[in-house]
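Going by full-length UniProt numbering, 531 is the number at position 531 of the sequence shown; the sequence numbering is gapless. From the three backbone atoms N, C-alpha and C, an ideal C-beta is built for every residue, glycine too. Notes to accompany the following structure.
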Amino acid sequence: MANEKTSKDTKGKDAGKTEDKPSVSWLKLYTYATVLDWFALFIGAICAAASGAALPLLAVIMGDVVTTLALFVQHKSTSEDLMDAISSSALYFIYLAIGVFLTTYIFMALYKGVGEKLTYIMRHSYLVGVLRQEMAWSDAYGAGQVATSITTNCDLVQDGISEKVALIVHDLATFISGFIIAFVKNWKLTLVTMCIVPIIVVIVALLNKFMVRYSTASLDEYANAGTLAEESISSIRTLIAFNQKNKILKRYQEILKKAEAYGLKKSISLGIALAGIFSTIYLGYSLAFWFGGRLISWGEADSGKIVNVFMAILIGTFCLANVAPNFQAILLARGAAYKLFEAIDRVPVIDSSSDAGLKPSGVTGDIEFRNINFRYPTRMDVPIFDDYSLKVDAGTTVALVGMSGSGKSTTIQLLERFYDPIKGQVLLDGIDTKELNLKWLRRQLGLVSQEPVLFSGTIFTNVAAGLIGTPLEFADIEKQKEAIIEACKMANAHDFIAALPKQYDTDVGERGFLLSGGQKQRVAIARAIVKDPKILLLDEATSALDSKSEHIVQDALDRAAKGRTTIVIAHRLATIKNADKIVVMDRGTIVEMGNHHELMQLEGGVYRKLVDIQNVKQAQIGQVSEKDQFQAEDIDGDDLEMRDAVVEGDNGEISIVKIPTKRSIASARLTRTKSVHVNPTAEEYKNLSITYLARRVFSLNKTEWKQLIFGIIGACGQGCIFPCFAIIFSGMLQAFNQPDPAQRTSDINYWACMFIVIAVCMGIGNFLQTAGFGCSAEILTARLRYMSFESMLKQEIGWFDKDENSTGVLTSRLSKEAQDIQGLSGITLGTILQTTVNLGLSCIVSLAYGWKLALVVIACIPIIMTAGYINVVVIHKNNAENQSSYAKSAEMACEATNALRTVAALTKEKAVTDEYARQLLPPLRAGYKNAYFSTIAFAAAQSINFLVNALAFWYGGKLVSTREYDMQQMFTVFMAVVVGASNASRVFAFSPDMSKAKESAEKLFASLERKPLIDSEESAPGKRVNNIEGHIAFEKVHFNYPTRPHAKVLRGLNLEIKPGQYVALVGPSGCGKSTTIGLVERFYDILSGSVKIDGVDVREYNLPSLRDHIALVGQEPNLYDMTIRENILFGSKSFDNPPTQAQVEQAAKDANIHDFIMSLPQGYDTGLGGKGASLSGGQKQRIAIARALVRNPKILLLDEASSALDAESEAVVQAALDSAAKGRTTISIAHRLSTIQKADRIYVFQDGVILEEGTHDELMNASGLYAEMASQQVLDKNK
């Protein structure tokens, strides 16, 4: 099977380019809006417009007050007239406060509510879209990208269709109504001032272009980082075993650097744009005041009208400028939505959701592959089939055998219609499968794959997935359970399930990691046969089973095959010798065909040669001498003394459990409890203030001190501008009322020049603040992602076994938490600093100009801030509920996309998406609650400003009426404090971002501070070794997995392996063989006893130093999205120079994969794609073996290292492994006993202890369990 050169190689070449990135239209974001939703948005928009339009009425009231004050100052009215006018104005403010509260609440609640609903639908539709795609599309689309899109991208879309849209409507309405009022009051002045609007529009248009370009590019790179993280976390055991965390982290950092570079460009672009916008606005003010002075001189306006126009334009243009940050959210949403709609809108070539196609009433089971030409879409340069034909008669069993990569699994994939042939037909009962309804077709097929995939959930729910599309799918639980138990009995799974504490309700963990390989495969077989399919497809269905289980299951499969068509792929030829037809394949062609007997008659035949290779050598049956027999120690728990042990439970809590002990283990008390470290949890961080967390975030940003200094200077400068503006504004008012025309002109010109100075300072300050804090925030985001990923990779394997740390959850957290924490940095931090300086200086200026009025108004500031704070608290509480729910749902989505073939074969797409929709309901309800209740605090914060205005005008007017204050004092205080506080209150518009940031910071810091229970860092304490002998000893080892403390795995295991010895571990699935290997690698710590290497407890070694001398080939080989060369070099030692190309090629030759690699157009530089998906199982396993051999380890651990290989490859590879075993200690786990009969010592495991031990001949003579297993594997004793 060929492989692909991933698109990421191309991306890497174009990394430096900044071509326009695709985005969707704004209306596209509302694809799922119903008529009712649009009506709600329309009502919300009206309310937002009404709320926005109310703000410029402040200008009308202020103009009237200025006119009244001018008359009073000129002694043209009495103090009573002044107070009457001021009281009326104060009353208008109260009316406006009530109106703004109601309209603000309505528009915020409606937009947030609709946003929650539409995002809910979009998340669900996106997963539906991903799951309906054909495999060719999915092969190039990483599961990590799905996790990123379904969290970060959907969050960005929600941000861009919810309240920020309403705030844009609000601000635009303020701008428009402000200019309408200005035109009504004085059209000439307004027209002159409007010259700034086209400039602002051009700047915003350019900003739109650059923001979409850089934002989308940044998101693409973060998606690539998510794919790498998902790939690494899902294969964490391989990563840890080969000490390659640093290599993965380096690749991750390189991707983050690309994303960061685009983010920096985005921040600088935004800084330039905002600088241009605000400079233009203040230049417009200068022009307005200068021209207003001319109008007064010409007698065409008075000071009141000038203030009317100026304040209306001031409020309008400020709100127009505030459109930019909110508009940025829409731009980001458009870019983020492109990835989502790319999957949602794409009509797949092979559509699993389509109802089209024939649905025959019955199936006979005749299958024909007619003149098939096929190449995998990702590797069109490598032919798989060329005019391939095969007929399978109904009710017969056909076995496909041959070299790995010869097209066996491809045959099954074409029948399942995972792919369509380029030419030719796949026929079922004479009908082309393309004409059949795809779901109907797949429901006639029962598939057991080479690498069985289980889903998070119980054993019951996993087997029940096989009932989809059958009459039992919606039957009551009892009827389903009967069928499931019967299927599990047939698959030889019932006994081990019944022995579990929760039996069929036992949780299997993510991808079934809590079960052994054999147990997983038996559950997968039960899942396939529970629906009683007409056609059985068995792709190495028994490869992970021990001989006894295989024999029982094979008998069951043989029985199940009766009356149905069965296609079997097998490398263990013993399992297919009863097949009606055996098809021998080589490089996509059929070289031999016949039954077992016929093919065995062919002298020199390929099949006969394969059989010869696999026949297990039969030693003469006899009894071993008594001294050679090994009596297993009886460790029945009822007969053992019990003692307390401290273990870490599923939820991370330390608890006491009972474990067996004997006097002999009293000396082996070096348990992991010696170094128990109580790690912090996110719950503990919830008591910490947002201020403390912000300081923590800021401390991580200290290395960007240059950017931060620029940002601080800019924010402080902008904070100073508004108090200065208050002085200039009140000075301008005084100038307008200057009776001397010459002096008036001179004063007006002076203050107009001061506005130009402010414009320049505003531009510089805006650029420094936005670019400085924006760039530092982008760098921080990339750094936090890296730190979080680094922290995850430091943790012990047991941490990854917990449900809350599944691959999907962790990938989602990497994507979400670092992004959310920008709410405590960047723009938010700059705004808070600017606000603080603004308020502080405003209070100083106001106290200096008029302390009485200042004290009254300053006393109101805590009320404004309290309303905003309540808003933050309420939103934070709701966000906390949402995040855990979204993380759980993202985990499920990631798991499903990781197992697309299994989901498709089971026609489980709708079941997955329905369950995903159910998991999204809790955060949806919380979102509605947030929309309808927390919005009250936000609306209150907005309306309180009007009440403060009313108080300030009333009391200020009273002071002026008594001649205690003049007009300049009153307006200086009013503009400095009241308007300054009003602007300051806008910081609470960031409250949703701050709330999300706090929630994410709590989790992130808890994660960063967690110390692993097993330290695998280079800097970890412990004995460092440059070389080891390879002596391994297990002494009275008791072990339970941390997530299953009550399920005993090893029960007092004693085992000694001498240096250079080749030892094999055999026994039933789940008896503790793979666990033993895991303990040599120190993936876990034992409960009691000791595991020693060269006489030293493994807990006393520096782990990386020890693991550099160990190589592991796992039962399920994990490859990475790299080239073949890079995957093999993944096995190189951390302290050595990388192996030469010659050494890489020699390792590949030893693994019998070199010739295949050289047959590829790009040879060793061929990219493998995600998880090596484009290779066959045998090809992947041989590359994994090459990866282990290039390490030249002192201890070689082989966990079913050749289980996926055909007989010929197995023989060659086994010879290489036998050769590689010389001079090194080797532990081999095998179910094919032919691969380990040359072992120096064979240990037969059962129930966590050793039942038998000896050489092959000794064990055969003992006529025990081993001899029974061996006899079941012989193909032809007469041969």
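In the structure shown, Y965 adopts coil according to DSSP, grouped into three states. For N437, DSSP assigns no beta-bridge partner whatsoever. Taking the C-beta atoms as reference points, K112 is found no nearer than 8 Å to T828. Rounded to the nearest whole angstrom, the C-alpha separation of I1227 and A1064 is 6 Å.
When DSSP states are grouped into helix, strand and coil, K391 belongs to the strand group. Here the C-alpha atom of L1259 lies approximately 33 Å from the C-alpha atom of H1046. Under DSSP, G1254 forms a beta bridge with I1242. Of T1075, A926 and N737, the smallest CA-CA separation from A70 is found for N737.
Under DSSP, the beta-bridge partners assigned to T1123 are G1167. Annotation for E1017: no alpha helix (DSSP H) segment contains it, and DSSP assigns it neither H nor E.
Look at M194 here: in three-state DSSP terms it is coil, with no helix or strand label. Y1101 has K1023 as its beta-bridge partners, per DSSP.
For V1037, there is no enclosing alpha helix (DSSP H); the residue is part of the beta strand (DSSP E) that begins and ends at I1032 to N1040. When Cβ pairs closer than 8 Å are counted between the two stretches, the stretch 363-375 is seen not to touch the stretch 230-249, the count staying below three.
In this structure the stretch 812-820 touches the stretch 779-788; the number of beta carbon pairs closer than 8 Å is three or more.
Its Cα nearest to that of L1119, the residue R1187 stands out among A1147, R1187 and L55. Here M122 carries a helix assignment [DSSP, helix/strand/coil].
Secondary structure in the stretch 217-274: the alpha helix (DSSP H) runs of 4 residues or longer, each lying completely within the stretch, are 236-241 in chain order.
Rounded to the nearest whole angstrom, the CA to CA distance from R1182 to F1156 is 10 Å. Counting C-beta pairs closer than 8 Å gives three or more between the stretch 499-519 and the stretch 452-459, which meets the contact rule. Separation of M1122 and G357 (C-alpha to C-alpha, rounded to the nearest whole angstrom) is 39 Å. Secondary structure at G160: helix, using DSSP grouped into helix, strand and coil. In this structure, K531 keeps its C-beta atom at 8 Å or more from the C-beta atom of G604.
The shortest CA-to-CA distance from I728 to any of A524, A1020, F755 and F42 is the one to F755. Between the stretch 211-228 and the stretch 91-105 there are fewer than three C-beta pairs closer than 8 Å, too few to call the two in contact.
Per DSSP, S1088 is one residue of the beta strand (DSSP E) stretching across S1088 to I1093. For V463, no pairing in a beta bridge is given by DSSP. In the structure shown, T31 adopts coil according to DSSP, grouped into three states. Around the beta-carbon of S25, fewer than 16 other beta-carbon atoms lie within 10 Å, marking it exposed. Exposed is the label assigned to D555, since fewer than 16 other Cβ atoms lie within 10 Å of its Cβ. Under the 8 Å Cβ criterion, the stretch 289-304 counts as touching the stretch 741-758, having at least three qualifying pairs. Under the DSSP assignment, K852 falls outside any beta strand (DSSP E), being part of the alpha helix (DSSP H) whose first and last residues are G826 to I858.
The straight-line gap separating the alpha-carbon atoms of R370 and K910 is approximately 32 Å.
Pairing E1100 with K1023 gives a Cβ-Cβ distance under 8 Å. Out of Y126, A136 and F278, the CA that lies nearest to the CA of V197 is found in F278. Residue state for L358 is assigned as strand, using DSSP reduced to three classes.
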